[in-house]
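Enquirer: Got a structure here, written out as structure tokens. Questions coming.
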Amino acid sequence: MQSKKATSMIILAVSPLVILLTILLSIHYGAKPIDAGTIYQAFSAFDEGNVDHQIVMHSRLPRVLGALMIGAFLAISGALMQGMTRNYLASPSIMGVSDGSVFAVTLCMVFLPSATSVTMITMSLIGSALAVAMVLAFSRLLPNGLTPVGMAVIGTITGTFLSSISAAISTYFQVSQNVSFWYNARLHLLEPELVKLAVPFAIVGIVIALLLSKSITILSLGDEVSRGLGQRTVMVKVLATAAVVILTGISVALAGKIAFVGLIIPHITRFLVGLDYRWIIPCAGLLGGIFLGLSDVLSRFMNSPFETPIGVVTAFIGVPFFLYLIYKRGGGKHA
Amino acid sequence: MPNRKGKFRLLFFVNIALTLLAIYISLTNGAFDMTVLDVIRTLLRIDPVAEYDLVIFDFRLPRIVIAALVGFGLGVAGTVIQGITRNGLADPGILGINAGAGAAIVAFMFFFGGQFMDASWYSIMAMPLFGLTGGLLAAGLIYLFAWRNGALDPQRLILVGIAIGSGLGAVALYLSLKMNPNDFEMAAVWLTGSIWSANWTHIAGMLPWLVILIPVLMRKVHILDLLQLSEESVKNLGVPVEKERNILLLSSIGIVSACVSVSGGIGFVGLMAPHIAKRLTGIQHRYVLPLSGTIGMLMVVAADFIAKTVFTPIELPVGIVISIIGVPYFFYLLSRRKK
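Put into structure tokens, the structure is as follows:
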């Protein structure tokens with residue numbers, strides 16, 4: 001098992017610093033730059049009457065924390081999916097998982113207009129689970145469905161279907177505007193309350209992912225090997241899918257569809273730390289968080305003073321990478 | 001084969017008849033109901049009533065004509081693209097050609113926002129050209145990434161299409177967000193595939209493309225038949241494969257771009273129509289091509305009627321209606337593929 005332990009250690013050690021830097025950058029830059037002194041004061045001696053302090057604590061801080069969390073969740077989901085299915089294209093957005101969440105959230109907005117945030121998060125989770133179930137079922141049933149290409153096509157098409165139905169429902173019930181928040185992934189509208197609510201779910205998802213990491217490494221060698229080594233393959237897959245559903249579901253509930261993070265970060269992580277998922281999963285989480293945090297900062301510069309949806313930024317970075325993967329791997333079979 | 005020809009003719013006319021029926025329903029129904037007699041009188045200019053004229057000539061008819069033209073164009077272009085790539089799942093939408101044309105047109109609206117608003121002849125005639133540029137760009141990227149060892153890798157083709165589609169979609173979204181609110185609304189509605197402001201000028205803008213390019217394709221049907229054979233044998237027959245393929249591809253991208261410039265990215269028509277046509281009439285492109293066009297026409301006219309009436313008073317983008325119907329069909333096609 002090749003693994004680059006040293007690189008992993010470096011990533012784990014340096015990340016906290018980079019994350020801190022990302023947080024500071026993200027709090028500093030915006031429609032109104034806030035200097036370091038004021039940021040320090042906002043944390044050390046918070047003054048309710050000071051507008052800058054208010055901005056720091058109630059808008060910019062939740063936003064950057066949200067970005068870091070969502071990036072981590074999506075990257076971990078992607079890593080789990082790629083390891084589990086041995087499919088180098090597996091990732092939350094390509095597999096239509098996010099569209100499932102959007103679908104459920106749309107239904108929720110229409111039929112439970114007074115739903116609390118907890119209900120919304122739960123619905124989003126149910127939606128992700130629905131989409132995963134659909135994609136996996138179709139992949140099994142259809143010829144060539146389990147190849148990377150097959151699964152990517154099935155995922156994309158399932159996603160198109162779910163998002164078309166969501167669009168039809170939201171147009172009919174005239175909630176398009178509310179729903180478009182979920183679609184367009186506007187981190188700047190992130191609700192601090194929602195971020196807090198997401199934490200317990202996130203802990204469950206991440207703990208499952210970390211506990212499974214060793215089994216995922218074995219699974220990534222193939223089902224045969226895995227069974228030969230006495231692993232309960234089905235059990236591991238079910239749990240890993242559950243973690244994917246939880247992590248993707250809350251990401252969409254927080255900020256909508258953000259594509260490509262879950263696809264590219266696991267690849268970069270594997271390139272850096274090797275094939276051992278005990279390292280890949282935590283490192284992917286850290287790198288994903290940093291990636292999305294910095295993309296979010298970038299999104300404020302692209303069209304300032306207006307916000308650019310973060311999905312646009314990740315697409316600009318992700319699409320060339322995606323093309324590169326296809327070019328290198330083509331229709332190849334395994335991760 | 002006189003038999004096949006007869007069957008084809010029958011199918012062709014049945015389709016036209018069904019489309020006319022759909023057009024009739026679409027013309028008479030809506031927020032303002034009209035009787036058959038009213039419609040016929042208005043069309044034939046017998047005692048014209050100003051109100052009816054307005055509803056028929058300014059609202060309903062242009063929209064129906066656009067739906068029919070777009071459907072025909074997409075059906076034909078889809079057949080050609082499936083024929084060139086020898087991939088039954090290829091469709092201008094799935095391959096990202098719609099997105100390419102769309103991104104270019106949004107760019108056009110972005111840079112010439114003001115002129116676009118007055119819907120002048122100049123801008124409407126220029127839009128398909130911009131679409132063509134974008135469509136060609138998308139096709140160029142597809143070739144670049146899906147071309148391996150002198151052939152289009154069918155596996156890679158679709159993946160590259162998905163990637164290009166989402167990338168160019170992001171470009172379009174980015175540009176549309178930088179627009180002023182009026183243009184943005186148009187761009188947004190239009191990007192989902194909607195016949196939003198049908199008028200006769202738009203029809204005049206897209207019609208030349210169809211009138212010129214569809215006969216070009218019709219003359220090449222035998223080449224499409226040959227392209228279904230292996231690359232080697234076609235070359236041995238002395239067919240300049242590359243040249244013919246480029247002409248076919250360019251023409252179909254031209255048609256798709258003209259369609260996208262008036263109706264946005266409507267997916268799945270180019271996927272479904274050729275399959276249905278092939279099932280009905282066999283594999284000869286001489287028959288498949290026109291039949292696929294009429295099937296596409298029927299689909300879009302019917303879907304547009306559904307889109308504008310089912311949820312009244314709210315209108316659905318026609319692209320959404322088509323994808324809700326198209327996706328199950330796509331899965332059906334996938335399930336019939338060999339292992």
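If you read the protein sequences in the order shown, they are chains C and E. For what it's worth, the UniProt record's numbering labels the leading residue of the first sequence as 1, then goes sequentially. For what it's worth, the UniProt record's numbering labels the leading residue of the second sequence as 1, then goes sequentially. Virtual Cβ for every residue (Gly too), placed ideally from N, Cα, C. Since the structure is predicted, the reported quantities are computational estimates derived from the model, not experimental observations.
#1: Where E/T28 and C/Y172 are concerned, what is the direct C-alpha to C-alpha distance, given to the nearest angstrom?
#2: Evaluate residue 357 of chain C with the Cβ neighbour count: other Cβ atoms within 10 Å of its Cβ, from every protein chain shown; 16 or more gives buried, anything less gives exposed.
#3: How is C/G230 classed by DSSP in three states: helix, strand or coil?
#4: In the DSSP assignment, the alpha helix (DSSP H) including C/D296 goes from what residue to what residue?
#5: Alpha carbon to alpha carbon, how far is E/W209 from E/K5?
#6: Could you work out which residue in E/F111, E/G131, E/I124 and E/N87 is closest to E/A104 when comparing CA atoms only?
#7: Could you spell out where the alpha helix (DSSP H) holding E/M34 opens and where it closes?
#8: C/I326: buried (16+ other C-beta within 10 angstroms of its C-beta) or exposed?
#9: Identify whether E/R45 lies in helix, strand or coil by the three-state DSSP scheme.
#10: Residues of the region 152-181 of chain E in Cβ contact with chain C at a cutoff of 7 Å, in chain order, please.
#11: Nearest by alpha-carbon distance to C/A31: which of C/S251, C/V319, C/F321 and C/V297 is it?
#12: Which value, in whole angstroms, describes the spacing of the CA atoms of C/I169 and C/T106?
#13: Quick one: list the residues of chain C neighbouring E/V327, beta-carbon separation under 7 Å, in chain order.
#14: Give the DSSP bridge partners of E/M152, in chain order.
#15: Classify C/G274 as helix, strand or coil using the three-state DSSP reduction.
#16: Please say whether C/I206 and C/G83 have beta carbons closer to each other than 7 Å?
#17: Short of 7 Å in beta carbon distance, which residues of its chain neighbour E/L11, apart from the five on each side in sequence? Order them along the chain.
#18: If the cut-off is 8 Å on Cβ atoms, which residues from the region 164-177 of chain C count as contacting chain E, listed in chain order?
#19: Distance cutoff 7 Å, beta carbons only. Does C/A335 sit that close to anything in chain E?
#20: Excluding five sequence neighbours on each side, which residues of the same chain lie with their C-beta closer than 8 Å to the C-beta of C/P62?
#21: Kindly indicate which residue of C/G293, C/N303 and C/F103 has the alpha-carbon position closest to the one of E/L173.
#22: When you compare each of E/V49, E/L61 and E/A22 to E/T201 by their alpha carbons, which one comes out closest?
#23: Might you give, ordered along the chain, the residues of its own chain that have their beta carbon closer than 8 Å to the beta carbon of C/H58, omitting 5 neighbours on each side?
#24: Hey, is E/K339's beta-carbon within less than 7 Å of any beta-carbon in chain C?
#25: Tell me which residue opens and which closes the alpha helix (DSSP H) that E/H222 is part of.
#26: Taking 7 Å as the CB-CB limit, is C/V149 close to chain E?
#27: Examine chain E for any beta-carbon lying closer than 7 Å to the beta-carbon of C/Y327, and answer yes or no.
#28: For C/I250, count neighbouring Cβ atoms within 10 angstroms of its own Cβ and tell me buried if that reaches 16, exposed if not.
#29: Taking the alpha-carbon positions, what's the E/P128 to E/V300 distance?
#30: Going straight from the alpha carbon of C/A259 to that of C/I94, what length do you get?
#31: Could you check what DSSP says for E/R60 in three-state terms: helix, strand or coil?
#32: Is the region 239-248 of chain C in contact with the region 70-82 of chain C, if contact means three or more CB pairs nearer than 8 Å?
#33: Would you be able to state if there are at least three C-beta pairs under 8 Å between the region 277-284 of chain C and the region 138-153 of chain E?
#34: Quick one: is E/D91 buried, meaning 16 or more other Cβ sit within 10 Å of its Cβ, or exposed?
#35: Output, in sequence order along the chain, the residues in the region 117-145 of chain C whose CB is closer than 9 Å to any CB in chain E.
#36: Drop a sphere of 10 angstroms on the beta-carbon of E/L215, count the other beta-carbons inside from all chains shown, and report buried for 16 or more, exposed for fewer.
Expert: Quick answer:
#1: Straight-line Cα distance between these residues: approximately 23 Å.
#2: Limits of chain C in this structure are 1 at one end and 335 at the other, which puts residue 357 of chain C out of reach.
#3: DSSP places C/G230 in coil when its eight states are reduced to three.
#4: For C/D296, the enclosing alpha helix (DSSP H) starts and ends at Y277 to M302.
#5: Separation of E/W209 and E/K5 (C-alpha to C-alpha, rounded to the nearest whole angstrom) is 28 Å.
#6: The residue with the shortest Cα to Cα distance from E/A104 is E/G131.
#7: Segment: none, E/M34 is in no alpha helix (DSSP H) and carries neither H nor E.
#8: With 16 or more Cβ atoms within 10 Å of its Cβ, C/I326 is classed as buried.
#9: E/R45: coil per DSSP, three-state reduction.
#10: When C-beta distances to chain C are compared with 7 Å, the residues of the region 152-181 of chain E below that value are D153, Q155, R156, I158, L159, V160, I162, A163, S166, G167, A170, L173, Y174, L177 and K178, in chain order.
#11: C/A31 has its Cα closest to that of C/V297, out of C/S251, C/V319, C/F321 and C/V297.
#12: Roughly 7 Å separates the two Cα atoms.
#13: Near E/V327 (Cβ distances below 7 Å), the residues of chain C are I157, T160 and F161.
#14: It should be pointed out that residue 152 of chain E corresponds to Leu in this sequence rather than to Met. Residue pairing by DSSP puts E/L152 in a beta bridge opposite E/W147.
#15: In this structure, DSSP gives C/G274 an extended state, which the three-state scheme calls strand.
#16: Note that the C-beta distance between C/G83 and C/I206 is not below 7 Å.
#17: If we look at E/L11 and ignore the five residues flanking it on each side, its Cβ neighbours are L280, T281 and L291.
#18: Those would be S164, I165, A167, A168, T171, Y172 and Q174, in chain order.
#19: Unreliable placement is indicated for C/A335, whose pLDDT of 40 sits below 50; the coordinate value is still reported in the next sentence. Proximity of C/A335 to chain E, defined by a Cβ-Cβ separation below 7 Å, is not satisfied.
#20: These residues qualify, in order along the chain: L190, E191, P192 and V195.
#21: Of the listed residues, the one whose Cα sits closest to E/L173 is C/N303.
#22: Checking every option, the nearest Cα to that of E/T201 belongs to E/L61.
#23: Only P192 meet the Cβ criterion.
#24: The predicted model places E/K339 with a pLDDT of 48, which falls under 50 and marks its position as unreliable; any figure quoted below should be read in that light. So, interface residue.
#25: Taken as a continuous stretch (DSSP letters only), the alpha helix (DSSP H) holding E/H222 covers V221 to L227.
#26: Interface flag for C/V149 against chain E is set, since a Cβ pair is found closer than 7 Å.
#27: Yes, its Cβ sits closer than 7 Å to a Cβ of chain E.
#28: Label assigned to C/I250: buried.
#29: Straight-line Cα distance between these residues: approximately 20 Å.
#30: Going by the C-alpha atoms only, they are around 8 Å apart.
#31: DSSP, read as helix, strand or coil, puts E/R60 in helix.
#32: By the Cβ rule, the region 239-248 of chain C counts as touching the region 70-82 of chain C, because three or more pairs are nearer than 8 Å.
#33: Contact check between the region 138-153 of chain E and the region 277-284 of chain C: fewer than three CB pairs, one atom from each, fall below 8 Å, which does not count as touching.
#34: E/D91 is buried by the Cβ-count criterion.
#35: So the list reads F138, L141, L142, P143, N144 and G145, given in the order they occur along the chain.
#36: The sequence shown places Pro at residue 215 of chain E, rather than the Leu named in the question. Exposed is the call here.
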